[in-house]
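2 protein chains.
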Amino acid sequence: MDVEKVGRMAKDRKIDLVILGLLAHENLTGYDIKKRIDGAISFFWKGSFGSIYPALSEMEKQGLVKRKNSNKTGGREKIVYQISKSGKDALKQWLNDEQATNDLKYETLLKTYFGGLEDRSITLRNIEVFEKQVKGNLELLNFYKENLEKVLEEADHVHYYLTVLFGIETYEAYLRWCNKAKKIMKEH
Amino acid sequence: MDVEKVGRMAKDRKIDLVILGLLAHENLTGYDIKKRIDGAISFFWKGSFGSIYPALSEMEKQGLVKRKNSNKTGGREKIVYQISKSGKDALKQWLNDEQATNDLKYETLLKTYFGGLEDRSITLRNIEVFEKQVKGNLELLNFYKENLEKVLEEADHVHYYLTVLFGIETYEAYLRWCNKAKKIMKEH
DNA sequence: ACGATATATATCAAAACGATATATAAGAGC
DNA sequence: GCTCTTATATATCGTTTTGATATATATCGT
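What follows is the structure, given as structure tokens:
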């Protein structure tokens, strides 16, 4: 007999969490959301109109957000969105989920940014999970580094070596941040 | 009169450069390419089969790569690709182009990785361009940081503060790398 | 001989990117 | 007052990428 096929879940849209996180603090238009993302968040997350507006209208259908007001009379229309109860629930569920894609887009950072919605222990735990991942990657990079140092004289290898150094330098910075962040979270 | 509309260039596929860069060193199958990307490159670049195979067949049409051999008799077919003269030219042109998208995917790192094809001065210059970008971002982040320190007691602001600290920590690491990399490139 | 894993190509829906179109409001400069 | 530029704001479109799955063969351990 076959294993039950689940297919793809309808929650692969990462932009949803960004939008919900921002709306959890204040009511915003799609344009506002874009501005917020282009601000402090842009160092670890991106988002374009082409993903924001479709996400908003679909989340509206799903009941995760609702229109606060739609000023259509006089002047350019302006749709202000507000997060709903179920939207806040979805956001909290994501925050509490230990899994995070820390490949290039740092989901942990996003969770930290929106961490104010949950207990500090949640942010703390998310940082610790991230820290473990980073330590694993750092080990691997150091292994690469040692191997490359043996053949550094050969053509091209200096270039590979430099990129590995980049990885080590940044992952070490991540670990330093983990320590700082944990300390700040504990002290407050 | 209107400014001439150019439309979108047919070279938005970043994966092409990754593939060409890898093929510049050795002939590879699509599967091999995926393995290479998942290796040392994965710390700053990603790629999936869904982008690699279509890119390969389109680049073949464009004459940037060609089939070395296509073993179809006996066993699973295996298509080994080889870079062409025009493919190498395209790669070199990209390496020499100062512009680089260093948002989340680090094009400068990719250029450093494949830098062996051109003079060391090219890699050096690309690093310097990157360094300038990083310095600009770091300034901005420090501005954010100072502003946040004034309101750190308010709700949520510790969480925003932590993400800014992350940015600063990593960008400082990038600058450290720039110095190391420049030194290594100059010394050799 | 069997089962698991590695090799290898290919495709698909969903998501994201990046650019452009459209429209209004606000200011700046003349 | 008029025009030009910039900021606000929504929306869409083609292209690219992701992530998952389908398919098939080879290899290796037990």
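Line by line, the protein sequences are chains A and B.
With the numbering used here applied, the first sequence closes on residue 587, and no number is skipped along the way.
With the numbering used here applied, the second sequence closes on residue 587, and no number is skipped along the way.
All C-beta atoms in this analysis are idealised placements derived from N, C-alpha and C, irrespective of residue type, glycine included.
Self-check item: Contact belief for Tyr480(A) with Leu419(A) at Cβ below 8 Å, rounded distance in angstroms
Solution: Tyr480(A) to Leu419(A), Cβ: 10 Å. No contact.
Quiz prompt | Closer than 8 Å to chain B by CB, Thr500(A) | solution = no
Quiz item: When DSSP labels each residue in this structure, what does Arg466(B) get in the three-state scheme?
Solution: strand
Quiz item: Got a sec: which bits of the segment 442-469 of chain B sit with their beta carbon under 9 Å from any beta carbon on chain A, in order along the chain?
Solution: Phe442, Phe443, Trp444 and Lys445
Practice problem: Could you tell me the boundaries of the alpha helix (DSSP H) in which Ile440(A) lies? | Solution: Here Ile440(A) belongs to no alpha helix (DSSP H), and DSSP marks it neither H nor E.
Quiz item: Is the segment 510-521 of chain A touching the segment 476-495 of chain A in the sense that three or more CB pairs, one from each, lie closer than 8 Å?
Solution: yes
Quiz item: Is Thr511(B) close to chain A, meaning its C-beta is less than 8 Å from at least one C-beta of that chain?
Solution: yes
Quiz item: Taking the continuous beta strand (DSSP E) assigned at Gln481(B), which residues delimit it?
Solution: Lys477 to Ile482
Quiz item: Out of Val533(A), Leu574(A), Ala554(A) and Glu545(A), which has the shortest C-alpha to C-alpha gap to Phe442(B)?
Solution: Val533(A)
Practice problem: Consider the Cβ of Thr562(B): report whether some Cβ of chain A lies at a distance smaller than 8 Å. | Solution: yes
Quiz item: Does DSSP put Leu551(A) in a helix, in a strand, or in coil?
Solution: coil
Practice problem: Would you mind listing the alpha helix (DSSP H) stretches within the segment 487-515 of chain A that are 4+ residues and don't spill past its ends, in chain order? | Solution: 506-512
Self-check item: Where the alpha helix (DSSP H) through Leu427(A) begins and ends
Solution: Note, Leu427(A): premise wrong, no alpha helix (DSSP H); not H, not E.
Practice problem: Determine whether the Cβ of Phe542(B) lies closer than 8 Å to any Cβ atom of chain A. | Solution: no
Quiz item: What is the rounded straight-line gap between the Cα of Gln498(B) and the Cα of Lys484(A)?
Solution: 45 Å
Quiz item: What's the C-alpha gap between Glu538(B) and Thr500(B)?
Solution: 19 Å
Quiz item: Is it true that the CB of Lys579(B) sits closer than 8 Å to the CB of Leu564(A)?
Solution: yes
Quiz item: Roughly how many whole angstroms lie between the Cα atoms of Thr562(B) and Asn536(A)?
Solution: 21 Å
Self-check item: 6 Å Cβ shell around Gly566(A) - same chain, five flanking residues per side excluded
Solution: Leu540
Quiz item: Cα-Cα, which of Arg412(B), Trp444(B) and Val528(B) is closest to Lys581(B)?
Solution: Val528(B)
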